[in-house]
Each structure stands twice: as structure tokens, then as C-alpha cells.
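Engineer:
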Amino acid sequence: MHGLMSERPLLISAIIKHAAVYHRDTEIVSRTVEGGIHRYTYGVAERRAKRLARALLKLGIRPGDRVGTLAWNTFRHFELYYAISGIGAVCHTINPRLFNEQILYIVNHAEDRLLFVDTTFAPLIERLAPHLSPECRIIWMTEEGAEPATGLSLPGLPCHEALIRAEDEDFEWPGFDERTASSLCYTSGTTGNPKGVLYSHRSTVLHALGISLPDAISISASDAVCPVVPMFHVNAWAIPYAAPMQGAKLVLPGPRLDGQSLYRLFEAEQVTLALGVPTVWLSFEAHLSATGARCSTLHRILSGGSAVPPSMVEAFAGHGIDVRQGWGMTEMSPLGTTAALKAKHLGLDRDAQMKVKAKQGRPVFGVEMKVVDDAGQPQPYDGASMGELLVRGPWIVNGYFEDAEASAAAMDEDGWFRTGDVATIDPDGYMQIMDRRKDVIKSGGEWISSIDLENAAIAHPDVAEAAVIAVPHPRWAERPLLIVTPRADCRPQCDDLLKFLAEHFPRWMLPDDVVVLDQLPHTATGKVMKIRLREMFRSHPLPER
Ligand code: ADP
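Under the working numbering, the first residue of the sequence shown carries the number 788, and numbering increases by one thereafter.
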């Protein structure tokens, strides 16, 4: 017997409709690409998104068509999220930090019909345009008259503001199946070609509800939320959906993500909650420490995308800011787990609490996890048994866009997605990532967690960033090499660092050598590019230890 409840589809347009009615005067504030501050409300944003939706239909965009964006976190990008998905087309956000060849592959693979582009990316478009299909047309996300001068003869489409100006807002968001594709995001693909993750309206709405919960990101109508994570990286971790859904003020930082610019924006707009990768927060914290500046409203940061070093959590605690670790991936929309404490942890001392917070955390309802050994056998929740982490749930992929080979490799026969991460799960359900499968160090048959060593190294006062990689070794197969960058005016020393690490690790786990570099190579999503480091140090001579 079925229940007698309405089956209204879960559509993204319902989010902006809700915000426009119940949070009509709540603000969206953007630092624009041009440099100034722009502010308007959810009420105005919905009206402009409707005009844009009409313009897209007039340009011939139909349900299922892909519309690309190359854009920073601003109000115009926000409007596109709703205008494109709202008519049943697919909002394809593209990471401009990828290599040109990767961007071309992505745009051509997705068969984007239009590309909405921030004017700062004019040089990039000049490089790409000769290789784009003639079916793919460019629209500049700017005012009339402010379009950049390029050496290209692009077919003259109106700019973003001209499109909006030419339409009225007499438009009803169409209804359709909630399983309709809504947005597309390619993973950066450190090996092979990038792979497309195609979200649906249903997955997006359920994920936005899930991440809003108190033990997930905890978003309320009394918050001002700033996604520092870009809208071209897994939809800014879905904050552009969750903030209007919950009625939170949305503060969009545009292209300026340095410590001082963020600090000024947070103070001016009374930001209470901000989200981003550890690299961003390490430099923000360095700014607070160097200037003695205090954040008057910011009291929570959600950080993830790579392991959050406990020393960073401690440093922010000293500024009165609580850092919560989140874990996920593009294939998971992205949020899977957070390291929020349980009631049983509240009475523990700081060190014991920190051990919990340093894990990647327990799942948001909807996300199922298991760790399996090489034979595919599930491992116990004992906090020690390691294996590959598999996940499934309503906002987790079941295949990649137009890529049967990658889909078959990623999914098992029961619909579990192979994350490619090696992890443990403890009896309380807290998962801990030991390494990405391809970053694992196996020395004399034993695993050494590069993440554990990096977290410890970064706590040294001379170290700004740290990476540990495997270097081939004739006797042990692989041995760890520590690569660090110095903090301002510091000169980290090998022996000193090894002594520091020896307080936390058995001798056989300690790196065989330490290399100091001015900077580490980063991927387009702000993670240390270990593949590049492994190439650089493949034949690094390790001293006998
Ligand atoms: P990309 O590889 O393109 O950066 P994602 O942004 O989807 O792709 O990142 C997924 C990877 O980042 C996964 O291997 C995942 O385990 C890792 N990751 C995400 N959050 C954390 C975290 N808090 N700690 C450790 N690893 C993390």
C-alpha cells in the first residue's frame, strides 16, 4: 500500500522560489570581478534569474542542453545556476585553473552550447576559441559596453546584463521529473581525462537539505555564509543551494581570496560561517596572526578537500574560531562526512577531542560507507583495519557522463562507488582517510600514512606546507620523503624536523630525508600535486638511516 502523500518533484527552482518569498529581503553580497561590492536580495535574484531563463530559451537552449560557465563566485554566476537548471538545461561549471587542454577536452566532451564567461578570463578565451566548436558561443558576464576587447571575431551575442534587460520576468518555472540532470562538474583527473559528474535536481535538493543539518555544515537564516570554495569546484560545495534554502545571507568573494581581502569582506558583511580548502585557511590564519586582526562575527569554518591539519584547528581556536573538518568528493556532491563531536566527547580533554576532530568524520544521513580489503571483504569498524573506502547514497554518482569505461571501473556490482581512498572506520562511525590509494607509501610491507606525517610536520613552527611522498628504495620498496615550504623568515632544518616527528612516530615510519622548496605544486582545486612531486623526486638519493 502506498502512502497518501504528495509527490511534488524536488526541483532546484523550488529553492529560489522559496527564498524569494520567505527571505525576500535577505541579501546576496558579491565582490565583483570589476572590483566593487554589489548587493541585492533573493527577491531580486529570482526575478533576474527568470529573465535570464527566458533569454536562454530564446537563444535556443532546450532541456538537457549543456551551458558552460567560466566564472568566479558572484551574483551573476548565482543567477546562472538557477536560470540554466530551472529550465531543465544543465549548468556546467568549468574550473579555469585547469590546463588549457583539459578545459578544451571538458567543453568539447560536454558539448557546451553556450559559455558564460567572466571578463577576467578573456585571455583564456582567446587561447581556447580557435579550438572550440562553432556551436559553442560566448556570452560575457558583464554590463553592456564593458565587454573585453579580444583579437577574436566572436559571433556577437549580447552580454549577461543585455540579455536580462531585454526580457521581462513574466515566467513560471517549468515542472519536470526530479531525476532530470541539473548540473555537471568534471573532476580534475590527475590521471587520464577529466570525468564528468552529472547531478540531478533530486540529488541536489536532497544534498542541500543534508548539508544544512547541525552536525553537517549547520546553516540557518541567522547566518551570513561565505563560500570561499569556488562555484566552479563542486558547485561551491552546494552553498549556493543551501543558503537560499535556509534563508542565510550569501556573501560571494569574487576573485580576491587572499587573507586581507577575505578578512575585510568578512568584517564588512558580518560573515558567521565560511567554507574552503585548508590552503586558503592556512594563509588566512597567517594573516590573522601577522596583523593581530580579530574576526568579530566569524565563529565557524568548514574545511575539507584535503586533510585538515590539527595544528590549523588549534591555531583558529586561538582566534575564537571553530574549524570543522568535512570530507567528500565531486562524485558525492560533495559532502560525505563531518567530524562534528558527539555528546560523549564533550567531557573529554582538548587532546582527546582533537583526535576526533582530526578524523574525516561520520556520515551525513543518506551516505553509506564501507571499507573493504583487497578481496572486497568488508572490514570491521575498529579504527584500525584499513582498506579501500566505498560509498553509496542518493547524492553519490552511479556513473560518469558519457564515459562507460570510467563508470565501469568506479562502480561495483551492488552500486557502491569506489572512492580511491584508503581509510579506517572506528566503532563510533568516524572514518579516517589514511591516503589516496595512489599516494600510499608501502615500506617493507607496512603502510605509512602520508597524511599523518604531513599533519605532524605542519605543526612545526618553521613549516608552512608539507607533503610526504613515496620514493623507490632497493630494500624497503618505498620510503617516505618529506617536502616542506618554509614560513616567512624561517629555515626548516632536516635533523630538527625529524627530531620533532620522532616524538609522534616509530622510527621506521619517519621520513628518510627532508627537502625544502620555496613552494609546492598545487592542483586546480588547491591540493598538493603529489604526482608532480613524485616525478620530481623519483631518483632522489636517500641517505642511509
Ligand atoms: P579532485 O581530485 O579533483 O580535487 P575532489 O575535489 O572531488 O577531486 O576531491 C576528492 C579527493 O579529496 C578524495 O580523494 C578525498 O578523499 C579528498 N578529500 C576531500 N576532503 C578531504 C579531507 N577532509 N581529508 C582528506 N582528504 C580529503
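Note that beta-carbon positions come from the ideal geometry of N, C-alpha and C, so glycine has one too. Predicted model, so just to flag it, every value in this text is computed and none were measured.
Cβ of Ala807 within 7 Å of Cβ of Tyr827?
Structural biologist: Walking along the sequence shown from the start, residue 807 turns up at place 20. Walking along the sequence shown from the start, residue 827 turns up at place 40. No; because the gap between Cβ atoms is not below 7 Å, this pair is not in contact.
Engineer: Write down the C-beta distance between Ile799 and Ala840 rounded to the nearest angstrom, noting that I regard them as a contact closer than 8 Å.
Structural biologist: Here residue 799 refers to the residue found at position 12 when the sequence shown is read from its first residue. Here residue 840 refers to the residue found at position 53 when the sequence shown is read from its first residue. In fact, because the Cβ distance is near 12 Å, the residues do not count as touching under 8 Å.
Engineer: At what residues does the alpha helix (DSSP H) containing Leu844 begin and finish?
Structural biologist: Your numbering for residue 844 matches position 57 in the sequence shown. Per DSSP, Leu844 belongs to the alpha helix (DSSP H) from Tyr829 to Lys845.
Engineer: Could you tell me which of Ile815, His947, Ala897 and Arg1321 sits nearest to Cys923, measuring between CA atoms?
Structural biologist: Numbered from its first residue, the sequence shown carries residue 923 at position 136. Looking at the Cα atoms, Ala897 is the closest of the given residues.
Engineer: Using a threshold of 7 Å, state whether the C-beta atoms of Tyr869 and Ala916 are closer than that.
Structural biologist: By one-based count along the sequence shown, residue 869 stands at place 82. By one-based count along the sequence shown, residue 916 stands at place 129. For Tyr869 and Ala916, no; Cβs fall outside 7 Å.
Engineer: Using the C-alpha atoms, what's the distance from Gln1219 back to Thr1125?
Structural biologist: Here residue 1125 is taken as the residue at index 338 of the sequence shown, counted from 1. Here residue 1219 is taken as the residue at index 432 of the sequence shown, counted from 1. Using only the alpha carbons, I get a separation of about 11 Å.
Engineer: Count Cβ pairs between the stretch 1083–1100 and the stretch 1228–1248 that sit closer than 8 Å; are there 3 or more?
Structural biologist: As far as the Cβ criterion goes, the stretch 1083–1100 touches the stretch 1228–1248, which means the pair count is three or higher.
Engineer: For Thr1084, count neighbouring C-beta atoms within 10 Å of its own C-beta (all shown protein chains included) and say buried if the count is 16 or more, exposed if not.
Structural biologist: Walking along the sequence shown from the start, residue 1084 turns up at place 297. Classification of Thr1084: exposed, given that the 10 Å Cβ count is below 16.
Engineer: Is any non-hydrogen atom of the ligand ADP found closer than 6 Å to the C-beta of Met1116, if you look at the structure I gave you?
Structural biologist: Along the sequence shown, one-based indexing puts residue 1116 at 329. It does: the Cβ of Met1116 is within 6 Å (strictly closer) of some heavy atom of the ligand ADP.
Engineer: Can you have a look at Thr1078 and say buried or exposed, based on whether 16 or more other CB atoms are within 10 angstroms of its CB?
Structural biologist: The residue labelled residue 1078 in the question sits at position 291 within the sequence shown. Thr1078 is exposed by the Cβ-count criterion.
Engineer: What does Pro1165 pair with, by DSSP beta-bridge criteria?
Structural biologist: As a working note, residue 1165 is residue 378 in the sequence shown. DSSP lists Val1159 as partners of Pro1165.
Engineer: Determine contact between the stretch 951–958 and the stretch 973–988, defined as no fewer than three beta-carbon pairs at a distance below 8 Å.
Structural biologist: In short, these stretches do not touch, since the Cβ pair count stays below three.
Engineer: Which word fits Met1116, buried or exposed, when buried means at least 16 other C-beta atoms lie within 10 angstroms of its C-beta?
Structural biologist: Mapped onto the sequence shown, residue 1116 falls at position 329. Buried, because 16 or more other Cβ atoms sit within 10 Å of the Cβ of Met1116.
Engineer: Near Ala768, which residues of its chain fall below 7 Å by C-beta distance, leaving aside the five closest residues on each side in sequence?
Structural biologist: Lying before the first or after the last residue shown, residue 768 is absent from the chain, which here runs from 788 to 1332.
Engineer: I'd like to confirm something about Arg1321: is its beta-carbon nearer than 6 Å to some heavy atom of the ligand ADP, or not?
Structural biologist: Residue 1321 sits at position 534 when you count from the first residue of the sequence shown. Not so, every heavy atom of the ligand ADP lies at least 6 Å from the Cβ.
Engineer: My output table needs one value for Met1221: the three-state DSSP class, helix, strand or coil.
Structural biologist: Along the sequence shown, read from residue 1 onward, the residue named residue 1221 stands at position 434. Met1221 falls in the strand class under three-state DSSP.
Engineer: Is it buried or exposed, Trp1024, if we count other Cβ atoms within 10 angstroms and call 16 or more buried?
Structural biologist: As a working note, residue 1024 is residue 237 in the sequence shown. By the 10 Å Cβ count, Trp1024 comes out buried.
Engineer: Take Gln1047 and list the residues in its own chain whose beta-carbon comes closer than 7 Å to its own, dropping the five residues that flank it on each side.
Structural biologist: The sequence position of residue 1047 within the sequence shown is 260, counting from 1. Cβ within range, chain order: His1074.
Engineer: Determine the DSSP secondary structure at Phe1152, reduced to helix, strand or coil.
Structural biologist: Counting from one through the sequence shown, the residue named residue 1152 turns up at place 365. Three-state DSSP puts Phe1152 in coil, outside helix and strand.
Engineer: Roughly how far, in whole angstroms, is the beta-carbon of Val877 from the beta-carbon of Val854, given that I think they are within contact range, below 8 Å?
Structural biologist: Stepping through the sequence shown from its first residue, residue 877 is reached at position 90. Stepping through the sequence shown from its first residue, residue 854 is reached at position 67. Rounded, the Cβ-Cβ distance is 7 Å, consistent with contact.
Engineer: Which stretch, first to last residue, makes up the beta strand (DSSP E) that contains Gln1280?
Structural biologist: The residue labelled residue 1280 in the question sits at position 493 within the sequence shown. Here Gln1280 belongs to no beta strand (DSSP E), and DSSP marks it neither H nor E.
Engineer: Tell me whether Arg1223 counts as near the ligand GTP, meaning its Cβ is closer than 6 Å to at least one heavy atom of that ligand.
Structural biologist: This structure lacks the ligand GTP; the ligands present are the ligand ADP.
Engineer: Rounded to whole angstroms, what's the CA-CA distance from Asn895 to Glu1331? Just pull it up for me.
Structural biologist: Along the sequence shown, read from residue 1 onward, the residue named residue 895 stands at position 108. Along the sequence shown, read from residue 1 onward, the residue named residue 1331 stands at position 544. Approximately 50 Å between the Cα atoms of the pair.
Engineer: Measuring only the C-alpha atoms, how far is Asp1299 from Ile1256?
Structural biologist: Locating residue 1299 in the sequence shown gives position 512, where the first residue counts as 1. Locating residue 1256 in the sequence shown gives position 469, where the first residue counts as 1. Roughly 11 Å between the two C-alpha positions.
Engineer: Taking the beta carbon of Ile824 as the centre, do at least 16 other beta carbons fall within 10 Å, making it buried, or is it exposed?
Structural biologist: Working through the sequence shown from its first residue, we reach residue 824 at position 37. It counts as exposed.
Engineer: Do Ile998 and Gln1033 have their C-beta atoms within less than 7 Å of each other?
Structural biologist: For the purposes of this step, residue 998 is taken as the residue at position 211 of the sequence shown. For the purposes of this step, residue 1033 is taken as the residue at position 246 of the sequence shown. The answer is no: Cβ separation not under 7 Å.
Engineer: Short of 6 Å in beta carbon distance, which residues of its chain neighbour Glu1233, apart from the five on each side in sequence? Order them along the chain.
Structural biologist: Taking the first residue of the sequence shown as position 1, residue 1233 is located at position 446. Excluding residues within five positions, none has a Cβ falling inside 6 Å.
Engineer: Distance, Cα to Cα, Ser1230 vs Leu971?
Structural biologist: Numbered from its first residue, the sequence shown carries residue 1230 at position 443. Numbered from its first residue, the sequence shown carries residue 971 at position 184. Whole-angstrom Cα-Cα distance: 39 Å.
Engineer: Could you tell me whether any non-hydrogen atom of the ligand ADP is closer than 6 Å to the CB of Asp1283?
Structural biologist: The residue labelled residue 1283 in the question sits at position 496 within the sequence shown. No, the Cβ of Asp1283 stays beyond 6 Å of every heavy atom of the ligand ADP.
Engineer: Along the chain, where does the beta strand (DSSP E) containing Thr1206 start, and where does it finish?
Structural biologist: On the sequence shown, residue 1206 is found 419 positions in, with the first residue counted as 1. Phe1204 to Ile1212 is the extent of the beta strand (DSSP E) around Thr1206.
Engineer: For a test of the three-state rule: what should DSSP assign to Leu1307, helix, strand or coil?
Structural biologist: What you label residue 1307 is simply residue 520 of the sequence shown in a count that begins at 1. Looking at Leu1307 - three-state DSSP - the assignment turns out to be coil, as it is neither helix nor strand.
Engineer: If you draw a straight line from the alpha carbon of Glu1054 to that of Ala1030, how long is it in whole angstroms?
Structural biologist: If you number the sequence shown from 1, residue 1054 lands on position 267. If you number the sequence shown from 1, residue 1030 lands on position 243. For Glu1054 and Ala1030, the distance between alpha carbons rounds to 19 Å.
Engineer: Can you list, in chain order, the residues of its chain with a C-beta nearer than 6 Å to that of Ile1004? Leave out the 5 residues immediately preceding and following it.
Structural biologist: Within the sequence shown, numbered from 1, the residue matching residue 1004 stands at position 217. Only Ile998 and Leu1089 meet the Cβ criterion.
Engineer: Would the stretch 959–968 count as touching the stretch 1118–1137 if we require 3 or more Cβ pairs under 8 Å?
Structural biologist: No, the stretch 959–968 is not in contact with the stretch 1118–1137.
Engineer: Please confirm whether any heavy atom of the ligand ADP lies closer than 6 Å to the CB of Val899.
Structural biologist: Position 112 of the sequence shown, counting from 1, holds the residue named residue 899. Note on identity: in this sequence residue 899 is Asp, with Val being the wrong assignment. Incorrect: Asp899 has no Cβ contact closer than 6 Å to the ligand ADP.
Engineer: Taking the C-alpha atoms as reference points, what is the distance between Pro910 and Arg1274?
Structural biologist: Locating residue 910 in the sequence shown gives position 123, where the first residue counts as 1. Locating residue 1274 in the sequence shown gives position 487, where the first residue counts as 1. Spanning the two alpha carbons is a distance of roughly 33 Å.
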